[in-house]
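Below is one structure, written out as structure tokens, with a few remarks after it.
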Amino acid sequence: MRMSKPNIFRLLCVFLYILVLIHWNACFYFFVSYLIGFGSTRWVYGYANIQSLPHGTLDTLARRYLYSFYWSTLMLTTIGEVPWPVKSVEFVIVCADLLFGVLIFATTVGNVGSLITSAGATRLDLQTSIDNVKNYLKLRFVGKKLVHRIGKWFDYLWENKQAMGGRGDQDVLKLLPTKLQAEIAMHVHFETLRKVRLFQHCEAGLLGELVLKLELQVFSPRDYVCRKGDIGREMYIVKKGRLQVVADDGVSVLHTLLEGAVFGELSLLNIPGNKHGNRRSASIRSVGYTDLFVLKKADLWAALCEYPDAKKLLMQKGCEMLLKDGLLDATSAQNLHDESKSEEQQMQNLRIHVERLQHRLARLTAEYVSTEVRLFARLAHLERELAKYGINNE
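Below you can see the structure in the form of structure tokens.
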């Protein structure tokens with residue numbers, strides 16, 4: 001799980017296993033030669049090997065090991081170009097080695113083929129998607145420039161997915177249970193979200209819900225993330241890449257946003273008195289390929305339903321930020337404050353009214369039960385009196 005290139009690691013493991021098997025087989029061959037007797041036959045290691053040494057070369061332990069390793073490699077790779085066996089035991093060993101070599105060869109080919117197939121499967125899926133998109137663009141007579149941009153985007157997408165075996169964030173995390181997904185999201189995004197000015201003093205429970213709502217979006221070079229005047233429905237956090245805040249002419253660069261930058265957070269709150277009217281105040285354009293985390297307004301407000309105190313805190317913090325930047329109408333802010341107080345007073349009056357109704361309902365219920373008991377008692381008394389005079393009460 002910790003390897004960035006798992007297929008290469010598995011291939012190296014297979015190669016290492018083969019080397020270990022060849023080493024053990026070489027040691028076994030040298031041991032059998034020792035038992036049979038060095039130089040007793042042409043098959044075992046012995047004097048024939050020593051005599052073939054170049055002049056001045058000694059029959060050292062390293063030389064013996066290299067020859068045994070060479071012999072083992074030829075046998076296990078089924079090449080078999082070694083001296084012919086002479087004794088019966090030598091024939092048995094050669095046959096066993098050849099059969100074992102065939103098994104190793106088949107296992108190696110199968111493992112390597114499986115690794116190549118698994119490595120190319122994801123690329124094949126992506127290539128199929130690319131071909132489908134290209135066919136669609138061709139049928140719709142899309143320009144070559146746009147087709148080239150789309151191709152570049154697919155290349156970027158593939159390069160970024162390679163680190164996860166060709167799968168995206170959601171594909172990887174969906175294999176885990178929900179609780180582990182939440183813990184991973186908290187670990188990856190919690191501190192990033194806490195750095196946002198709007199959420200700095202929010203409770204951890206709300207931030208825990210919001211990190212699960214973050215979505216990753218990729219923007220191509222010169223793509224506009226938003227344009228001036230657009231209605232703001234998302235907040236953005238720069239994960240990787242670079243953005244430019246451009247002027248109305250689309251050429252002048254006013255500011256550059258780097259990794260970790262946050263923008264659009266105030267668009268999540270419908271704050272009365274905002275001079276921009278909940279619209280984007282500037283156009284933002286991607287310089288290269290840029291990865292952004294996106295939090296949608298609908299997701300924030302859905303989470304705030306469970307955190308009313310956090311909602312008040314966010315609205316207050318948003319007003320302070322707008323007021324500090326000179327983007328808040330003071331009259332509207334005061335009206336918002338008065339409306340908030342009025343709503344709180346209405347809620348308090350409503351709670352008092354509900355409590356009074358509950359007390360009244362409890363009193364009426366008690367009176368009903370008491371009256372019912374008295375009526376049943378009177379009815380029982382009448383039945384007894386009628387029984388004295390022999391009158392049926394059918």
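Following full-length UniProt numbering, the numbering of the sequence shown begins with 1 at its first residue and continues without gaps.
Ideal Cβ positions, reconstructed from N, Cα and C, are used throughout, including at glycine.
Every value quoted in this text rests on a predicted model; they were computed, and no experiment measured them.
Assign residue i to one of three DSSP states: helix, strand, or coil.
i	result
Tyr17	helix
Asp291	strand
Leu207	helix
Thr256	strand
Leu323	helix
Arg10	helix
Leu243	strand
Phe141	coil
Met3	A caution first: Met3 carries a pLDDT of 49, below 50, which makes its placement in the model unreliable, though a value can still be read off. Coil, per DSSP.
Lys311	helix
Lys179	helix
Cys202	coil
Trp153	helix
Gly37	coil
Gly318	helix
Glu306	coil
For residue i and residue j, I'd like the C-alpha separation in whole angstroms.
i	j	result
Lys134	Val147	8 angstroms
Ser252	Val246	6 angstroms
Leu295	Lys213	6 angstroms
Arg167	Trp24	At Arg167 the pLDDT is 49, less than 50, meaning the model places this residue with poor confidence and gives no usable figure here.
Lys317	Leu198	6 angstroms
Arg356	Ala362	10 angstroms
Ile79	Val20	19 angstroms
Pro177	Leu210	18 angstroms
Leu254	Leu124	43 angstroms
Asn7	Val109	15 angstroms
Leu180	Glu367	56 angstroms
Leu382	Leu375	11 angstroms
Asp299	Val225	19 angstroms
Leu11	Phe30	29 angstroms
Arg279	Ile271	12 angstroms
Leu379	Val369	15 angstroms
Lys144	Tyr17	50 angstroms
Trp288	Gly264	The sequence given here places Gly at residue 288; Trp does not occur at that position. Near 20 angstroms, if we compare the C-alpha coordinates of Gly264 and Gly288.
Phe293	Glu259	11 angstroms
Count the other CB atoms, across all protein chains shown, that sit within 10 Å of the CB of residue i; report buried if there are 16 or more and exposed otherwise.
i	result
Gly113	exposed
Leu193	buried
Trp43	buried
Met164	With a pLDDT of 46 at Met164, under the threshold of 50, the predicted position of this residue should be treated as unreliable, and no value is reported.
Gly326	exposed
Phe91	exposed
Phe15	exposed
Ser88	exposed
Ser129	exposed
Kindly identify the DSSP beta-bridge partner or partners of residue i.
i	result
Tyr224	Arg285
Leu216	Phe293
Met235	Leu295
Phe263	Tyr236
Arg356	None, per the DSSP bridge assignment.
Asn274	Leu328
Arg279	Ile231
Closer than 6 angstroms by C-beta to residue i: which residues in its own chain qualify, once you throw out the five before and the five after it? Chain order, please.
i	result
Asp97	Met75
Thr256	Gln244
Arg227	Ser283
Leu266	Gly318
Gly46	Phe38, Gly39
Thr73	Ile22
Arg233	Lys297
Val262	Val196, Ile237
Cys202	Ala310
Output needed for residue i: all residues of its chain with C-beta closer than 7 angstroms, excluding positions within five of it in sequence on either side, in chain order.
i	result
Asp291	Leu216, Val218, Lys239, Lys240, Gly241
Ile93	Val32
Gln162	Per-residue confidence for Gln162 stands at a pLDDT of 49, beneath the threshold of 50, marking its modelled position as unreliable; the derived number appears in the next sentence. The answer is none, since no qualifying residue turns up.
Arg149	Ser220
Leu269	Leu314, Met315, Gly318
Leu207	Phe190, Leu193, Arg194, Phe199
So, at 8 angstroms on beta carbons, what are the nonlocal neighbours of residue i in its own chain, with the 5 sequence-adjacent residues on each side left out?
i	result
Asp249	none
Val102	Thr78
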